[in-house]
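Colleague:
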Amino acid sequence: MAADIEDSRYARFALRCSSFAEKWFPDSWVFAALAVIIVAVATMAMGAKPTDAAMAFGDGFWSLIPFTMQMAFVVIGGYVVASSPPAVKLIDRLARIPKNGRSAVAWVALISMVASLLNWGLSLVFGGLLVRALARRTDLKMDYRAAGAAAYLGLGAVWALGLSSSAAQLQANPASLPPSILSITGVIPFTQTIFLWQSGVMLLALIVISLIIAYATAPGPNTARDAKACGIDPSFNLPPLQPRTRPGEWLEHSPLLTILLVLLAAGWLFHEFSTKPAISAISGLNTYNFLFLMLGALLHWRPRSFLDAVARAVPTTTGVLIQFPLYGSIAALMTTVKGSDAQTLAHHISTFFVSIASHDTYALLMGVYSAILGFFIPSGGGKWIIEAPYVMQVATDLNYHLGWAVQIYNAAEALPNLINPFYMLPLLGVLGLKARDLIGFSFVQLLVHTPLVLFLLWALGTTLTYTAPVMP
C-alpha cells in the first residue's frame, strides 16, 4: 500500500510491518503448533528420548484445562457485561469523543491500558467493542487494524503492573504459594511490588510512550484500512427480545430468576470480601468470573437476554479452546523432559542467565530471560511458579530487592505478549481479525518497549535495597 504524504515515517514503518505480517504470519494455531515442534526438537537435541518428548506432549496437552475454562469464562463474562444495554450505551458515549482516526487509536489504547490495571480480560473485550463502535463512525477514517492493536496494549504493556498481576497476587497470598517458593521469598505484600513508587514511574512511562507510538503509527485517512476494507461488519446492535410464544418461556422473560440468583451471589460475595482483603478476594479468577457473570445477568435483567449474550460470546472462545492445550504441551516439554545430563530445557536456559548474573546485571538478565521464556510459556501465574524457585533464589543470594524481582518478571513477561497470539485470541474473536492483522503495529511497540523496559528495570532497581524475606 502506498503511503500518503501525510503519514509519519512511523506510520509507514508500521504499515510495512503489518503488510509483512499479513503476508507471512500463519494462523495463531499454526504458530503454536510450530512452537511445540521447535521445543520438542530442542529437548531431543539435549539427548532426550523421542518417547519422552511424545509423553510430555500428551501429558501436558490437558494440563491447562482449568485455566482454559477460566480464560473462556473471562471472555464470556467480559463479553456479556460489555454487551449489556448499559455498557453498550457507555461504549457509544466513549466512541463519540475522538475527533479523527489517529486520536481514536490513541483513545482506544488509553482505555485498554486503564482497564487492564483492573483486569486484563475486561480490557480485551471492552477495548474490542470500543474499536467496533469507533469503526461505525465513517467520519473518523480510522485504521481498524491499528485500533485493534491499540486495544491489545493493555495486555502488551501494563497489565502485569496492575491488580491482575498473577505473580504479585501469588506472592502476597501465602496460602497460594507452593512451599518451595514460600521458603525462599516469604510473603511479599503489594506495597513491595505493584504499589512501589518505582512501579508507578514505570507504569506512567509505559502508558505515555505507548500512547505516543499508537498515535504516531496510526495511518492517516488516505491510507487507513477501515473495517469494511478488512472484510468486517462493525455493526453491533442488540437484538430485540423475541416475544413469548408459549407458557414455558415466561421465566426466560421474567427478571425473577435473575433477582434471586443475584441475591444469592451477593450473599456469597459479601462473605468473600468481608473475610478477605478486597484485593485478595478479587485476585482469584474464579471469583472474578463469578462476579462478572452475575453482574452480566443483572445488567441484562432478563434470562433470555443474558443467554442470548452468552450464545454470542461463545464463538469468541474458539481460539482459546483449541490453542491453549498446545501451550500446556510446550510448558510440559520445557519443564519435565530431561536430556542426557538429567536436566530440563528450562533449567538450561535459567542456568545460563543465572551463571552470568550479578547484583548490577540481575535486572537486565532476568528481564531478558523472563521475556524469552514468556514467548513460549505465556501463562503469567503458571510461568512464575516455574521461574520463581531459581530466579528468587538468585535474588536472595545477590541481596537484591525481592519485590522488585517480582516486578522485573511482571514488566518483562508482558513484552512477548505484543507479538504472541496467545492472549490475543479473545480480542481477535471480538474484532473478527487475525493475529497477523495486529502484529505489524504491536511489533513497533515492542521495538520501543524492550529497551525502555529493560533500562527502567535496571535504573529503578538501583534505588531499592534488600529486605530479608518475611515468613508468615
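So that you can map any letter, position 17 of the sequence shown is 16 in numbering that gives the first Met the number 0, and since no number is skipped, the others follow by simple counting.
The C-beta atom is built at its ideal place from N, Cα and C for all residues, glycine as well.
(1) Would you tell me roughly how many angstroms separate the C-alpha atoms of residue 53 and residue 449, rounded to the nearest one?
(2) Can you tell me whether residue 221 is buried or exposed, with buried defined as 16 or more other CB within 10 angstroms of its CB?
(3) Answer with buried or exposed for residue 433, where buried requires no fewer than 16 other C-beta atoms within 10 angstroms of its C-beta.
(4) Within 10 angstroms of its Cβ, does residue 78 collect 16 or more other Cβ (buried), or is it exposed?
(5) What's the C-alpha gap between residue 328 and residue 63?
(6) By how many angstroms is the C-alpha of residue 321 removed from the C-alpha of residue 341?
(7) Bridge partners for residue 185 per DSSP, in chain order?
(8) Are at least three pairs of beta-carbons, each pair with one atom in the segment 157-174 and one in the segment 404-418, less than 8 Å apart?
(9) Output needed for residue 12: all residues of its chain with C-beta closer than 8 Å, excluding positions within five of it in sequence on either side, in chain order.
(10) Does residue 227 come out as helix, strand or coil in the three-state DSSP assignment?
(11) Would you list, in sequence order, the uninterrupted alpha helix (DSSP H) runs of no fewer than 4 residues that lie entirely inside the segment 245-281?
(12) With residue 233 and residue 226 assumed to form a contact (beta carbons below 8 Å), what rounded beta-carbon distance in angstroms separates them?
(13) Is it buried or exposed, residue 391, if we count other Cβ atoms within 10 angstroms and call 16 or more buried?
(14) What residues in its chain sit with their C-beta under 7 Å from that of residue 399, if we drop five residues either side in the sequence?
(15) Can you tell me where the alpha helix (DSSP H) holding residue 302 begins and where it ends?
(16) Taking residue 415 as the reference, give the member of 384, 463, 366 with the closest Cα.
(17) In angstroms with no decimal places, state the Cα-to-Cα distance between residue 75 and residue 51.
(18) So, using beta-carbon positions, are residue 155 and residue 413 closer together than 9 Å?
(19) My output table needs one value for residue 337: the three-state DSSP class, helix, strand or coil.
(20) Please report the distance separating the alpha-carbon of residue 255 from that of residue 289.
(21) Going by beta-carbon coordinates alone, are residue 291 and residue 80 separated by less than 9 Å?
(22) State the DSSP-derived secondary structure class of residue 50, mapped to helix, strand or coil.
(23) Counting along the chain, where does the alpha helix (DSSP H) carrying residue 439 start and finish?
(24) Along the chain, where does the alpha helix (DSSP H) containing residue 157 start, and where does it finish?
(25) Where DSSP assigns a beta bridge to residue 67, which residues make up the other side?
(26) So what does DSSP say about residue 343, is it helix, strand or coil?
(27) Between residue 132 and residue 186, what straight-line distance do the alpha-carbon atoms span, to the nearest angstrom?
(28) Is it buried or exposed, residue 61, if we count other Cβ atoms within 10 angstroms and call 16 or more buried?
(29) Taking the straight line between their C-alpha atoms, what separation do you get for residue 19 and residue 439?
(30) Indicate whether residue 425 and residue 157 have their beta-carbon atoms separated by less than 9 Å.
(31) To the nearest angstrom, report how far apart residue 211 and residue 261 are at their CA atoms.
(32) Please report how far the alpha carbon of residue 230 lies from the alpha carbon of residue 431, in whole angstroms.
(33) Output the distance between the C-alpha atoms of residue 1 and residue 102, rounded to the nearest integer angstrom.
(34) So does the segment 190-210 actually touch the segment 106-118, counting three or more Cβ pairs closer than 8 Å?
(35) Of the residues 459, 471, 470, 130, which one's Cα is nearest the Cα of residue 200?
(36) Measuring alpha carbon to alpha carbon, tell me which residue in 153, 228, 252, 218 is nearest residue 472.
Modeller: For this structure:
(1) Taking the straight line from one Cα to the other gives about 35 Å.
(2) exposed
(3) Here residue 433 is buried: its Cβ has 16 or more other Cβ atoms, across all protein chains shown, within 10 Å.
(4) buried
(5) Answer to the nearest angstrom: the Cα atoms are 9 Å apart.
(6) Spanning the two alpha carbons is a distance of roughly 32 Å.
(7) In the DSSP assignment, the residues bridged to residue 185 are 469.
(8) The segment 157-174 makes contact with the segment 404-418; the number of CB pairs closer than 8 Å reaches 3 or more.
(9) 216, 443
(10) Here residue 227 sits in coil by DSSP.
(11) 255-274
(12) 4 Å
(13) buried
(14) 358, 361, 465
(15) 302-312
(16) 366
(17) Going by C-alpha positions, residue 75 is about 37 Å away from residue 51.
(18) yes
(19) strand
(20) Answer to the nearest angstrom: the Cα atoms are 19 Å apart.
(21) yes
(22) Of the three classes helix, strand and coil, the one that applies to residue 50 here is helix, per DSSP.
(23) 434-460
(24) Membership of residue 157 in any alpha helix (DSSP H) is not indicated, and neither H nor E is assigned to it by DSSP.
(25) DSSP, once it has assigned bridges, lists no residue as partnering residue 67.
(26) strand
(27) 44 Å
(28) exposed
(29) Roughly 7 Å separates the two Cα atoms.
(30) no
(31) 42 Å
(32) 9 Å
(33) Per-residue confidence for residue 1 stands at a pLDDT of 41, beneath the threshold of 50, marking its modelled position as unreliable; no derived number is given.
(34) yes
(35) 459
(36) What the structure shows of the chain is the stretch from 0 to 471, and residue 472 is not part of that stretch, so it cannot be assessed.
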